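Since the structure comes first, as structure tokens, the remarks are kept for the end.
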Amino acid sequence: MGISRDSTHKRRATGGRRVPICKGRKFELGRPAAMTKLGERRVRTVRTMGGNKKFRALRLDHGNFAWASEGCTRPTRIVDVVYNASNNELVRTKTLVKNAIIQIDATPFRQWYENHYAVPLGRKKGRAVSEADKAILEKKRSNHLKRNIAKRKAMSKVDPHLDEQFGAGRLYACISSRPGQCGRISGYILEGKELEFYLKKLKSKRGH
Numbered sequence: 133m134g135i136s137r138d139s140t141h142k143r144r145a146t147g148g149r150r151v152p153i154c155k156g157r158k159f160e161l162g163r164p165a166a167m168t169k170l171g172e173r174r175v176r177t178v179r180t181m182g183g184n185k186k187f188r189a190l191r192l193d194h195g196n197f198a199w200a201s202e203g204c205t206r207p208t209r210i211v212d213v214v215y216n217a218s219n220n221e222l223v224r225t226k227t228l229v230k231n232a233i234i235q236i237d238a239t240p241f242r243q244w245y246e247n248h249y250a251v252p253l254g255r256k257k258g259r260a261v262s263e264a265d266k267a268i269l270e271k272k273r274s275n276h277l278k279r280n281i282a283k284r285k286a287m288s289k290v291d292p293h294l295d296e297q298f299g300a301g302r303l304y305a306c307i308s309s310r311p312g313q314c315g316r317i318s319g320y321i322l323e324g325k326e327l328e329f330y331l332k333k334l335k336s337k338r339g340h
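Here you go:
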């Protein structure tokens, strides 16, 4: 028999054996974990109870991530798996599971920010700006839009830790979906106290 979620094979609380009175049932089955890896998209469907479907992601390399403080969500590339509270083996094998801490490509968020606030983000002084980025910052805007941007600039401050990450082109994010169940990755960019907590964890991990 395969993976079973029944309790008939367990001993009683007193330690006595239970005599099974029926065979394993379909509704008690369990399935092996998907262990979604970092790689080119590969998703399989699984038929479940009631004729419904689960989407078993075997490999994924993109996801939808939210920048909560800015109210902005963008699809972006997943670069690496850097931390997992439950198991270091999942980091070594680059396994994408819920609550894994990963690094994502910062470009879509940087482009959105520079378009929204007309302010450069994560740029080192003296570093050349590409033509595409220069076009975003210097594009022609109507007077109405200029007034709106002037109001927004008061709220354009970014956490220094995040600014540093934008400079490197990679952001730390946390996966909030279950790729082995829904076949996709959704998550959010780490900010504030949560980001500080994980940066400390990553620093202590590198120290070992």
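Sequential numbering of the sequence shown, starting at 133, is according to my numbering.
Here a beta-carbon is modelled for each residue, glycine too, at the ideal position from N, C-alpha and C.
All values derive from a computational prediction rather than experimental measurement.
Inset, instruction - With a threshold of 16 other CB atoms inside 10 Å of the CB of Arg132, please say whether the residue is buried or exposed. - result: Past the edges of the chain, shown from 133 to 340, lies residue 132, and the structure says nothing about it.
Legend entry - C-alpha gap between Pro152 and Arg176, whole angstroms: A straight line joining the alpha-carbon of Pro152 with that of Arg176 spans about 35 Å.
Legend entry - Beta-carbon gap between Gly315 and Ala189 smaller than 7 Å: yes
Inset, instruction - Under the assumption that Ile210 contacts Ile321 (Cβ atoms under 8 Å), give the Cβ distance between them as a whole number of angstroms. - result: With a Cβ gap of about 13 Å, Ile210 and Ile321 do not count as contacting.
Inset, instruction - Give every residue of the same chain whose Cβ lies closer than 6 Å to the Cβ of Ala198, excluding the five residues on either side of it in the sequence, and list them in chain order. - result: Thr205, Tyr320
Legend entry - Residues that Lys409 bridges to, as DSSP identifies them: With the chain covering 133 to 340 only, the question about residue 409 has no answer from this structure.
Inset, instruction - Sort out for me which residues DSSP pairs Lys325 with in a bridge. - result: In DSSP, Lys325 forms no bridge with anything.
Inset, instruction - With distances taken Cα to Cα, identify the nearest neighbour of Leu170 among Ile234, Lys185, Phe187. - result: Ile234
Inset, instruction - Measure the alpha-carbon distance for Ala250 versus Ile281 and round it to whole angstroms. - result: In a straight line, the C-alpha of Ala250 is about 7 Å away from that of Ile281.
Legend entry - Alpha-carbon to alpha-carbon, Gln313 and Asn184: 12 Å
Legend entry - Cβ-based burial, Gly254 [other Cβ within 10 Å; buried from 16]: buried
Inset, instruction - Assign Asn216 to one of two classes, buried (16 or more other C-beta atoms within 10 Å of its C-beta) or exposed (fewer than that). - result: With 16 or more neighbouring CB atoms inside 10 Å of its own CB, Asn216 falls in the buried class.
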